[in-house]
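Numbering (my numbering), first residue to last: -12 to 711.
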């Protein structure tokens, strides 16, 4: 009797092979999940600090020589405190411990002093004899016995030049693009003086100024120089704020409050807007120009803890510190419109104080014999949920808007970090690419898998799939430098293709259906070869008839017609170019997955449907497509993920402009292209740097959301139609 073999037993080699394979595959899957988790964690680690709240805290207090201070400041490097006293003594102290470093006597009696905007180590001194002189500070670094030694010194940048002001007690001095502008007045007088020095160079005398005395219609309370030294803000004692040009001609006037002289006016960096405080109200007003001249309009209000008696602007950012009558210090930032933190102190009255150039310290001389400093923790003040995703009213703009403009050569620049235009551009590019790719890819997959001859399919399918290997930089090059100029030159021809090609193909199909089956049966599975010459001929005819269409339909200029009739502007690199080129990049992916899903429908389902009397089209629509729907949907979603994350095509073929316009003839900027362009130029750790990583995180989450949604829908389709 023969022994029946034990089929349940496996050899030791097979057992170990199965075990090793199981663990290798498991570790591979775990590695993929771990890599995705680490990427997500790293993005969060880089992005996190921009959402940490800012704060203020007391830093240091130390005693100094008893002198009456008129100015206190922090050096550009943040290490040295500078104090100028009425006695004409300039003193330097270690900013952390208060150790005296140096002191210099100017042999002058000083009434008041101020920074010369936008410099940070240059000061204008108003002397008791009614003249203005200038002094600067510089710091030399030496190493003694291996220790870094910082030595402060004075310099007199304009060769001890001075300006006679006839005893004025109001003063504002600015230095912009080689022009030194000095505004002066006696408070309460109905006039003020302007002295302008051209071609100012450090180390040379000031020369002879152009001086003007300007009469006003009310007593002058405060003077400020406007943007780029071109305008002057004059706040009078009647609650009015006047805007003059440099010759004294009024360019506009804003009435803040009739007969109310109690306003406090302060500039912001750039001087395109100013801060106006009245009692417990603090408002940012913007400078705008209309047909009647320059006007000031309120832009936003800030929450303050009490009546504001002093405003201390940051020298290199648009932030500022407000001082209340009750001794509260409040840290604000205009772009976000937020009050970042409030600190209660025992300080009283007007302060001799300044914010450091790095905006990390507030230094105060509360009395004649001490100096106090407060730390300002506010590294990313421009960032909030509103500035990222909502409309923001930026300086110089007529209304709130979405804007991405991360850098500029202008020192008056206000960073604009709205991610909304980038998100819009990403979805817009993906939409037009899928609008072009999905119909072609899905219809091509249906025909190839269900109708095409097997011998022809053996050539067509690999040919389309190999298109996925084309480098996207090559496609972007073709789209930006070859296709975009062609579409611009033959716009009416290109648009006519989208109309005439479907019409002619449909007409050919109608004619073909009227022919005898005996004739048409010979070409079953090879219709693509018959249609190809028709497609090529239609495209060629469209370009040949382009001038005729241009003249008959668009009056000889299609771009002008779209602009004047439909209000659609035209850019050479636009969404139409992106739709075609990125569509060509996405088509192979969608086609390959969808074709495999359709071709993989079991043959017995098709034969059973046909045996029951269904036509091939009924079998396709009611059996094949429903059974293959999970795969087709997955193909579309994977194509969308490819389109959303595409970089080089949109970088080279869109114009890379962060516009929010669904116009197919306008460009856009996407998350991926923006990161590729700006990340190499951003400063590590800066707000710009972290915002780019935030854009990467949003793109990561967007694709993850699409993939998750695709998987959920695919599973439901499989559960519903998988049993057919």
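All C-beta atoms, glycine included, are put in the ideal place defined by N, C-alpha and C.
Restricting to Cα atoms, I'd like to know which of the options is closest to residue i.
i, options, result
"residue 174", "189, 181, 201, 210", "210"
"residue 454", "576, 142, 77", "576"
"residue 734", "650, 387, 574", "Shown here, the chain extends from -12 to 711; a query on residue 734 therefore has no answer."
"residue 637", "212, 150, 142, 564", "564"
"residue 735", "178, 217, 46", "The structure shown has nothing for residue 735, since the chain only spans -12 to 711."
"residue 661", "185, 646, 650", "646"
"residue 515", "432, 487, 544", "432"
"residue 24", "706, 141, 688", "688"
"residue 712", "127, 42, 584, 508", "Any question about residue 712 goes unanswered here, given that the chain covers just -12 to 711."
"residue 201", "181, 194, 216", "181"
"residue 163", "537, 78, 256, 149", "256"
"residue 170", "470, 361, 147, 197", "197"
"residue 717", "306, 316, 378", "This structure cannot settle anything about residue 717, because the visible part of the chain is limited to -12 through 711."
"residue 690", "27, 528, 443, 146", "27"
"residue 55", "253, 358, 243", "358"
"residue 437", "549, 587, 361", "587"
"residue 624", "692, 672, 582", "692"
"residue 123", "130, 151, 91, 35", "91"
"residue 51", "77, 42, 227", "77"
Using a Cβ-based criterion (distance less than 8 angstroms to any ligand heavy atom), does residue i qualify as near the ligand COA?
i, result
"residue 647", "This structure does not include the ligand COA; it has no bound ligands of any sort."
For residue i, count the other beta carbons within 10 Å of its own beta carbon; 16 or more makes it buried, fewer makes it exposed. Which is it?
i, result
"residue 353", "buried"
"residue 14", "exposed"
"residue 138", "exposed"
"residue 406", "buried"
"residue 412", "buried"
"residue -12", "Any reading at residue -12 is ruled out, since the residue's pLDDT is 48, under 50, leaving its predicted position unreliable."
"residue 589", "exposed"
"residue 20", "exposed"
"residue 408", "buried"
"residue 365", "buried"
"residue 681", "buried"
"residue 4", "exposed"
"residue 250", "buried"
"residue 304", "buried"
"residue 11", "exposed"
"residue 713", "Because the chain here runs from -12 to 711, residue 713 falls outside it and cannot be looked at."
"residue 199", "exposed"
"residue 360", "buried"
"residue 243", "buried"
So, for residue i: in the same chain, excluding its five sequence neighbours on each side, which residues have a beta-carbon less than 8 angstroms away from its beta-carbon?
i, result
"residue 98", "57, 73, 113, 114, 115, 156"
"residue 53", "355, 356"
"residue 404", "369, 370, 374, 375, 391, 393, 674, 675, 678"
"residue 601", "609, 610"
"residue 447", "435, 439, 515"
"residue 477", "530, 533"
"residue 213", "219, 220, 230, 258, 274"
"residue 706", "none"
By Cβ distance, which residues of its chain are closer than 7 angstroms to residue i, with the 5 residues on each side in sequence left out?
i, result
"residue 333", "314"
"residue 701", "617, 620, 621"
"residue 415", "562, 649, 655"
"residue 566", "419, 420, 422, 423"
"residue 481", "474"
"residue 140", "125, 127"
Taking 6 angstroms as the limit between beta carbons, can you name the residues of its chain near residue i, skipping five residues before and five after?
i, result
"residue 367", "37, 674"
"residue 289", "269, 319, 326"
"residue 285", "270, 272"
"residue 95", "75, 114"
"residue 568", "462, 466, 636, 640"
Taking 9 angstroms as the CB-CB cut-off, is residue i touching chain B?
i, result
"residue 263", "Any reference to chain B falls outside this structure, which holds one protein chain only."
Quiz item: Is it a yes or a no for the segment 549 to 566 touching the segment 601 to 618, going by three-plus beta-carbon pairs under 8 angstroms?
Solution: Between the segment 549 to 566 and the segment 601 to 618, the count of C-beta pairs closer than 8 angstroms stays below three; the two stretches do not touch.
Practice problem: List in chain order: all unbroken beta strand (DSSP E) runs of 3+ residues lying wholly within the segment 242 to 291. | Solution: Complete beta strand (DSSP E) runs here, min 3: 251 to 254, 260 to 265, 268 to 277, 280 to 289.
Exercise. Just list the alpha helix (DSSP H) runs in the segment 444 to 470, keeping only unbroken ones of 4 residues or longer that don't cross its boundaries, in chain order.
Key: Along the segment 444 to 470, the alpha helix (DSSP H) occurs as fully enclosed runs of 4 or more residues at 459 to 465, listed in sequence order.
Quiz item: What runs of the beta strand (DSSP E), each 3 residues or longer, lie entirely inside the segment 291 to 361?
Solution: DSSP runs (the beta strand (DSSP E)) wholly in the segment 291 to 361: 295 to 300, 307 to 311, 315 to 320, 325 to 331, 339 to 342, 348 to 354.
Quiz item: Looking at C-beta atoms only, is the number of pairs between the segment 582 to 596 and the segment 489 to 500 that lie closer than 8 angstroms three or more?
Solution: Counting C-beta pairs closer than 8 angstroms gives fewer than three between the segment 582 to 596 and the segment 489 to 500, which falls short of the contact rule.
Exercise. Decide if the segment 272 to 283 is in contact with the segment 294 to 301; the criterion is three or more beta carbon pairs, one per stretch, under 8 angstroms apart.
Key: As far as the Cβ criterion goes, the segment 272 to 283 does not touch the segment 294 to 301, which means the pair count is below three.
Quiz prompt | the segment 146 to 165 in contact with the segment 128 to 137 per 3-pair CB rule at 8 angstroms | solution = Taking one beta carbon from each stretch, the segment 146 to 165 and the segment 128 to 137 have fewer than 3 pairs nearer than 8 angstroms; the two do not touch.
Self-check item: Runs of beta strand (DSSP E) lying entirely within the segment 52 to 79, each at least 3 residues, in chain order
Solution: 56 to 61, 67 to 72, all fully within the segment 52 to 79.
Practice problem: Spell out a yes or no on whether the segment 507 to 521 and the segment 457 to 471 are touching, meaning 3 or more CB-CB pairs, one atom from each, closer than 8 angstroms. | Solution: Contact fails: fewer than three Cβ-Cβ distances are below 8 angstroms.
Self-check item: Ordered list of beta strand (DSSP E) runs contained in the segment 139 to 170, each at least 3 residues
Solution: The qualifying runs are 149 to 151, 157 to 163.
Quiz prompt | Minimum length 4: unbroken alpha helix (DSSP H) runs contained in the segment 502 to 583 | solution = Counting only runs of 4 or more, we get 504 to 507, 514 to 531, 533 to 541, 545 to 548.
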